[in-house]
Amino acid sequence: MSKAMVQTKELCFKYKDGKEFALENIGLTIEKGELVGIIGSSGAGKTSLLYTMNGVIPHHYRGDFYGEVLVDGLDTVDNTMDRISRLSGSVFQDIDGQMVATLVEDEILFGLENYGIPRDEIESRVNEALEKVGITHLRYRTISSLSGGEKQKVALCAILALKPQMLLLDEPTAELDPQSSQQIFRILKELNEKEGLTVVIVEQKIMLLSEFVKRLIVMEKGKILFDDEVREVLKHSQALYEAGVNCPRVVSLSNALTQRGLYKGPAPIHLDEAETMVKEILHGKI
Amino acid sequence: MVRFEAVSFGYEGKQTIYDVTFQINQGDFAAIIGANGAGKTTISKLTNGILKPTSGRVLVKGKDTKTTKTSELARTIGFLFQNPDRQICQTTIRDEIMFGLKCVLKDNHEIEERINQTLETFGFDGSRDPFSMSRGERQRIALASVLATRPEILVLDEPTTGLDYRECMQIMELVQELNRQGTTVMMVTHDMELVNDFASRVLVVGGGRLLADGDKTSVFRNAEVLKAASLMPPQISALAQRLGEPFEGIHHVDEMADRIQCLKEGASL
């Protein structure tokens with residue numbers, strides 16, 4: 004039987020100086036090859052949950068850890084952070100904070116050299132990763148001359164060169180404009196579909212998540228509030244609102260129309276679907 | 010309140026702003042939108058004298074930013090940066106609010122009073138360390154420090170980056186309230202839903218040029234300009250455009266639902 008990429012059982016975690024549990028009783032399975040989005044208000048536990056998947060919790064951030072987290076079958080408590088982080092590559096929100104080199108090429112080499120990848124393998128890994136993200140042309144540029152979107156692609160590329168089985172991203176588009184944000188999500192979706200890479204994305208931009216992920220997890224106060232297909236989750240707009248999460252506007256529209264007894268069907272999550280919905284309601288009248 | 014007259018700006022021999030002219034009037038809630046690198050932040054920094062134009066003039070309440078001290082402009086213009094961590098420099102909230110006030114007020118008693126008022130408005134415990142608080146809280150602290158000086162013009166550079174929806178609304182509702190009381194607001198952003206919900210006037214910037222300046226309906230309908238600026242109209246505005254004439258000028262969910270109901274029930278518009 005193939006192992007799940009991530010499996011947590013009765014996971015609870017409280018940071019060393021924390022008053023309350025950051026994660027409470029999380030039971031979660033992420034299969035290999037899934038593309039999962041996680042949303043929730045600040046302090047809901049999204050980043051903490053990601054940290055349990057790359058070993059940062061409990062190895063870097065100490066605290067009270069209960070339950071179990073298995074990454075590709077490996078218990079994150081019993082295995083070193085180095086071992087776990089080779090399975091799961093992480094990209095963060097703060098673009099400049101995660102860069103260590105001056106040149107794009109050096110940034111990619113940094114991880115490879117640290118992992119002790121044999122010299123004759125390095126060149127092909129660098130090329131492959133640059134191609135996957137579509138930034139071969141940026142290889143010899145200085146990082147400071149790049150735009151935010153380009154820098155985030157470099158961060159993604161440097162991680163991909165290490166060939167992780169799973170990508171963990173913490174608000175990767177927070178500092179990016181709509182177009183660059185779309186590009187990052189398109190790359191992630193392609194990696195997921197073509198390479199079968201498991202991708203877990205914490206993201207505040209609900210419209211992007213609605214467009215790109217199948218499964219959406221909503222967190223509130225350290226617990227999982229919803230874990231289902233995006234469309235199902237978005238039906239609960241009131242509960243989402245109370246959890247500090249907004250809906251795409253077309254979903255709010257369909258919910259408003261449903262409340263007024265004008266519409267019964269599933270919530271549209273794209274513009275095309277919304278257009279069809281309105282035209283169906285008003286057939287012949289516009 | 011703020012007037013750009015044929016403003017150009019460049020540094021290290023590279024021009025980033027080209028011949029920008031516009032005027033922000035008292036009580037406006039203006040959004041300056043555009044992609045990363047379009048020149049939005051540069052324009053915002055030109056308004057309060059952090060940057061000075063290489064040619065043209067920027068006038069703030071009639072004062073030329075080139076000949077007026079930045080500290081004097083600061084009495085009129087409050088500036089909220091995108092990243093609160095580049096703004097906050099003190100280790101308690103009280104000291105942080107005091108820091109800005111000391112630049113504009115001399116009377117210690119008055120300063121003390123303003124601090125207490127501000128703490129109360131925002132519900133802050135003045136003794137707390139800003140850096141032990143969340144990003145959203147730190148953004149509110151930075152905003153509180155700016156508002157304590159009671160600026161007539163408030164410039165916000167991507168005020169909601171890194172905030173969740175609830176924090177975003179908290180900040181924006183406060184700004185909206187100030188705008189209602191007469192504060193002029195200039196907000197730099199690329200969040201089109203935010204623009205839709207709060208701004209009354211929209212200026213589109215692309216490649217360092219002003220591409221459009223008008224009300225929401227005219228700007229959101231201008232597909233060419235939005236495309237040139239790498240932006241997309243907000244969802245409901247885009248939907249209204251697709252649905253055609255009966256939905257002209259609709260930008261919000263409730264308006265859209267009302268219009269659909271009207272049409273469905275055959276009532277005249």
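Going down the list, the sequences are from chains H and A. Going left to right, the first sequence walks through residues 4 to 289 as the working numbering numbers them. Going left to right, the second sequence walks through residues 10 to 278 as the working numbering numbers them. Don't be surprised by glycine CBs; every beta carbon is placed ideally from N, CA and C.
Asked                                                                                                                                                                                        : Found
Tell me the rounded alpha-carbon separation between H:M210 and H:L274.                                                                                                                       : 11 angstroms
Just verifying my parser: in three-state terms, what is the DSSP assignment at H:V248?                                                                                                       : coil
Roughly how many angstroms separate the alpha carbons of H:E276 and A:G215, rounded to a whole number?                                                                                       : 31 angstroms
In whole angstroms, give me the CA-to-CA distance for H:G40 and A:H261.                                                                                                                      : 27 angstroms
Taking only beta-carbon atoms, is H:V205 less than 8 angstroms away from chain A?                                                                                                            : no
Would you call the stretch 183 to 193 of chain A and the stretch 44 to 61 of chain A in contact, with 3 or more CB pairs under 8 angstroms?                                                  : no
Against H:R263, what residues of chain A qualify as contacts under a CB-to-CB distance less than 8 angstroms, listed in chain order?                                                         : A266 and Q270
Go ahead and label H:V281 buried or exposed: buried means 16 or more other beta carbons lie within 10 angstroms of its beta carbon, across all protein chains shown.                         : buried
Roughly how many angstroms separate the alpha carbons of A:R175 and H:K49, rounded to a whole number?                                                                                        : 16 angstroms
Looking only at its own chain, which residues have a Cβ that is under 6 angstroms from the Cβ of A:L163, when we skip the five neighbours before and after it?                               : G87, T192 and V194
Less than 8 angstroms between CB atoms is the rule here; does H:I41 satisfy it with respect to chain A?                                                                                      : no
Is there at least one Cβ from chain A nearer than 8 angstroms to H:L285's Cβ?                                                                                                                : yes
Below 7 angstroms CB to CB, which residues in the same chain sit around H:Y18 once its five sequence neighbours on both sides are set aside?                                                 : A25, Y64 and G66
Along the stretch 167 to 199 of chain A, what residues have a CB closer than 9 angstroms to any CB found in chain H?                                                                         : E167, T170, G171, L172, D173, Y174, R175, E176, C177, M178 and H199
Return helix, strand or coil for A:R159, following the three-state DSSP convention.                                                                                                          : coil
Give the straight-line distance between the Cα atoms of A:E5 and A:Q96, rounded to the nearest whole angstrom.                                                                               : Only positions 10 to 278 of chain A appear in the structure, and residue 5 of chain A is not among them; the question remains open.
Quick one: what's H:S127 bridged to in DSSP?                                                                                                                                                 : H:S127 is not bridged to any residue.
Indicate whether H:V72 and H:T32 have their beta-carbon atoms separated by less than 8 angstroms.                                                                                            : no
Under 8 angstroms between the Cβ atoms of A:A151 and A:V113?                                                                                                                                 : no
Under a Cβ-count criterion, where at least 16 other Cβ atoms within 10 Å of its own Cβ denotes burial, should A:T116 be classed as buried or exposed?                                        : The sequence given here places Asp at residue 116 of chain A; Thr does not occur at that position. Exposed, by the Cβ-count rule.
Would the beta-carbon of H:L106 fall within 8 angstroms of that of H:T145?                                                                                                                   : yes
Would you give the residue range spanned by the alpha helix (DSSP H) that A:M201 belongs to?                                                                                                 : M201 to F207
Which value, in whole angstroms, describes the spacing of the CA atoms of A:N34 and A:I106?                                                                                                  : 28 angstroms
Of the residues that make up the stretch 38 to 52 of chain A, which ones have a beta carbon closer than 7 angstroms to any beta carbon in chain H?                                           : A44, N45 and G46
Evaluate contact between the stretch 159 to 171 of chain H and the stretch 111 to 118 of chain H, counting only Cβ atoms and requiring at least three cross-stretch pairs below 8 angstroms. : yes
Is H:N82 close to chain A, meaning its C-beta is less than 8 angstroms from at least one C-beta of that chain?                                                                               : no
Can you tell me whether DSSP reads H:E174 as helix, strand or coil?                                                                                                                          : coil
Using a cut-off of 7 angstroms between C-beta atoms, extract the partners of H:E178 located in chain A.                                                                                      : T170
Determine, for H:G152, whether the minimum Cβ-Cβ distance to residues of chain A falls below 8 angstroms.                                                                                    : yes
Taking the C-alpha atoms as reference points, what is the distance between H:V248 and H:G43?                                                                                                 : 6 angstroms
Enumerate in chain order the residues of its own chain whose CB-to-CB distance from A:L6 is below 8 angstroms, with the five nearest sequence positions on each side excluded.               : In this structure chain A extends from 10 to 278, so residue 6 of chain A is not present and cannot be described.
If you compare alpha carbons, which of H:V221, H:D75, H:Q185 and H:G21 is closest to H:E214?                                                                                                 : H:Q185
So which residues on chain A does H:G46 lean against when the C-beta distance must stay under 9 angstroms?                                                                                   : S143, G145 and D173
Starting from H:F188, follow the alpha helix (DSSP H) in both directions and report where the run begins and ends.                                                                           : P181 to E198
Once DSSP output is grouped into helix, strand and coil, what is the label at A:Y98?                                                                                                         : Residue 98 of chain A is actually Cys in this sequence, not Tyr. Coil, per DSSP.
Contact between the stretch 52 to 60 of chain H and the stretch 248 to 257 of chain H: three or more CB pairs below 8 angstroms?                                                             : no
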